[in-house]
Amino acid sequence: MTLTTNIRKTVTELADGRQLIYFDDCETSLATARDIRDERPLGDRAASGTMRLDALTGDWVAIAGHRQNRTFKPPADECPLCPPGSGMVPSEIPATDYDVVVFENRFPSFSVKASPAAHASSCFQERPAAGRCEVVCFTSDHSAHFSSLSKSRARTVIEAWVDRTLALSALPDVEAVFCFENRGQEIGVTLHHPHGQIYAYPYVPPRTAQVLARAHAHHAGTGRLLGADILAQELADGARIVSSGEHWTAYVPFAARWPVEVHLTPHRDVPDLPALTSPERDELAEIYLDLLRRLDGYYVNTDGSAVELPYIAGWHQAPVRQGREVSRLYLQIMSVLRAPGRLKYLAGSESGVGGWVNDVAPERIAARLREV
Ligand SMILES: [Zn+2]
């Protein structure tokens, strides 16, 4: 199957029935045939756990005890995301090489195969953790980073995010789809191979719900989209703009809460990644790579070398079934690093009551990112 811009998609299945999908670059050198079967004796696939409602806050919490057994920082020659080669542990990916590959997580927080709920009282509500968790490998090169990918490869990843957002949004229990990347040990990454994840949640997560409520109120009061007004005011002010193109602008938010935080938003009002046009996806590949390279030059070690910035990058898309008319797509990138070797911990105020304190002025973050 060929997607737009000649990116090829091939759907296959792993030994335990999980789906695995190859996305090939438009100028790929890989062969078309992908008939290599996964011969591992995997047994039954793991079920996800349950979700419990925190009666104090109204937030759902996924309880997934089985995830304690997942692969934790394996040596490079046992990486399950590298194509099978000399490694001792068979790879999750059967093909001898790949460009971009997406597959269902072996240890999912949310799954179509979810454990049944055992509790139901006014304070103890529980439901199956239905949904889906997928892994997205950006390259077969173990030592690469997203920022070192070619523009063409970044474009393939964008097409994979679009494809998966559409497919996961169509699942019966899914209310929100979140594509994200955790990069760096400081973020708690357990596999160093360059990869991201996609969570398809059976509920609207708290931050999404909070942003949606603000967007509804803004629209009711002004008739305009909150995200569009924020972008217009950032552009008019200019002090926090990092970079801008024909279709996208990156800025440090006015009330940034992390030591390094950037939002990247399209100029047109779109609810999610699938709504982007082909020219918008093309420029996104370019401006996102530029942004990641700026982040990697943000801090400099005493010996003059650049610090590989640990970061979380996540796509805030409109929920699947509500508020799409007031939601506006944006990417949020944030880092916990407040100086080389120094982490910002979410301590008493942030973890206890959600009272954020940022020691760095957002205008200074933007100025530094512009000069990198
Ligand atoms: Zn690897």
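Each residue of the sequence shown is one higher than the one before, starting from 6 at the first, in our numbering. C-beta atoms are modelled at their ideal positions from N, C-alpha and C, and glycine is treated no differently.
Any chain D beta carbon closer than 7 angstroms to residue i
i: Gly201; result: Looking for chain D here will not work: only one protein chain is present.
Given residue i as reference, the closest of the options once Cα atoms are compared
i: His124; options: Ile68, Gln337, Glu109; result: Ile68
i: Gln202; options: Phe112, Leu19, Ala344; result: Phe112
i: Arg368; options: Asp30, Leu19, Ala261; result: The question names Arg, yet the displayed sequence has Glu at residue 368. For Glu368, the nearest C-alpha among the options comes from Ala261.
i: Leu176; options: Tyr206, Ile192, Gly189; result: Tyr206
i: Ile317; options: Arg286, Pro264, Pro279; result: Pro264
i: Asp211; options: Ala181, Asn187, Gly228; result: Inspection of the sequence shows that residue 211 is occupied by Pro rather than by Asp. Looking at the Cα atoms, Ala181 is the closest of the given residues.
i: Ala241; options: Phe259, Val16, Val305; result: Phe259
i: Phe108; options: Gly360, Tyr204, Thr33; result: Tyr204
i: Glu131; options: Val194, Ala290, Met56; result: Met56
i: Pro199; options: Leu171, Leu236, Arg39, Leu86; result: Leu86
i: Arg39; options: Asp59, Ala60, Pro99; result: Pro99
i: Ser145; options: Ala122, Asp29, Glu288, Ser127; result: Asp29
i: Pro345; options: Ala237, Glu97, Glu313; result: Glu313
i: Glu376; options: Pro279, Met339, Val305; result: Val305
i: Leu154; options: Gly243, Val105, Val179, Ser174; result: Val105
i: Gly250; options: Ala237, Leu289, Thr213, Gln238; result: Leu289
Endpoints, alpha helix (DSSP H) assigned at residue i
i: Gly226; result: 211 to 227
i: Tyr316; result: Segment 316 to 321 is the beta strand (DSSP E) holding Tyr316; no alpha helix (DSSP H) there.
i: Leu374; result: 367 to 376
i: Gln337; result: Element bounds for Gln337: not the alpha helix (DSSP H) but the beta strand (DSSP E), 335 to 340.
i: Pro279; result: It is not in any alpha helix (DSSP H) - Pro279 carries neither H nor E in the DSSP assignment.
Per-residue burial, residue i [other beta carbons within 10 Å of its own, 16 or more giving buried]
i: Cys142; result: buried
i: Ser310; result: exposed
i: Lys349; result: buried
i: Trp361; result: exposed
i: Gln322; result: buried
i: Val162; result: buried
i: Ala225; result: exposed
i: Thr37; result: exposed
i: Asp308; result: exposed
i: Leu61; result: exposed
i: Val379; result: The requested residue 379 is not part of the displayed model; the chain covers only 6 to 377.
i: Thr213; result: buried
i: Ala352; result: exposed
Contacts around residue i, its chain only, beta-carbon distance under 8 angstroms, and the 5 residues preceding and following it disregarded
i: Ala220; result: Leu230, Leu231, Gly232, Gly328, Val331, Ser332, Arg333
i: Thr227; result: Asp234
i: Glu18; result: Gln24, Leu25, Asp43
i: Asp49; result: Asp21
i: Phe185; result: Gly201, Gln202, Ile203, Tyr204, Ile317, Ala318, Gly319, Trp320
i: Gln88; result: It is worth fixing the name first, because residue 88 is Pro in this sequence and not Gln. These residues qualify, in order along the chain: Ser96, Ile98, Ala100, Thr101, Asp102, Tyr103, Ser145.
i: Leu171; result: Pro279
Same chain, Cβ closer than 7 angstroms to residue i, five either side skipped, listed in chain order
i: Ser390; result: With the chain running from 6 to 377 in the structure shown, residue 390 is simply not present.
i: Pro271; result: His252, Trp253, Leu281, Glu285, Leu334
i: Phe115; result: Ser53, Ala67, Ala134, Ala135, Gly136, Arg137, Cys138, Tyr204, Ala205, Tyr206, Pro207
i: Leu31; result: Position check: residue 31 holds Cys in this sequence, whereas Leu was assumed. Excluding residues within five positions, the ones whose Cβ falls inside 7 angstroms are Thr10, Asn11, Ile12, Ser157.
i: Leu58; result: Trp65, Gln130
i: Gly302; result: Ala311, Val377
i: Asp178; result: Ala135, Gly136, Pro207
Delimiting residues of the beta strand (DSSP E) encompassing residue i
i: Leu230; result: Counting along the chain, Leu230 falls outside any beta strand (DSSP E), and DSSP gives it neither H nor E.
i: Cys142; result: 137 to 142
i: Trp65; result: 64 to 68
i: Gln24; result: 24 to 29
i: Ile37; result: The identity of residue 37 in the sequence shown is Thr, whereas the question assumes Ile. Unbroken run through Thr37: none, as it is neither H nor E.
i: Thr101; result: It is not in any beta strand (DSSP E) - Thr101 carries neither H nor E in the DSSP assignment.
i: Arg13; result: 13 to 18
i: Thr307; result: Premise fails: Thr307 is in no beta strand (DSSP E) and is neither H nor E.
i: Arg273; result: It is not in any beta strand (DSSP E) - Arg273 carries neither H nor E in the DSSP assignment.
i: Arg132; result: 131 to 133
i: Arg57; result: 55 to 59
Same chain only: Cβ atoms within 6 angstroms of residue i, ignoring 5 sequence neighbours per side
i: Leu374; result: Val247, Arg299
i: Leu118; result: Per the sequence shown, residue 118 should be read as Lys rather than Leu. The residues are Ala52.
Next on the checklist: Which complete alpha helix (DSSP H) runs does the segment 144 to 206 hold, if anything under 4 residues is left out?
Outcome noted: Qualifying alpha helix (DSSP H) stretches, in chain order: 156 to 174.
Checklist entry - If you scan the segment 242 to 268 from start to end, which runs of the alpha helix (DSSP H) of 4 or more residues do you find wholly inside it? => result Those alpha helix (DSSP H) runs which fall completely within the segment 242 to 268 and span 4+ residues do not exist here.
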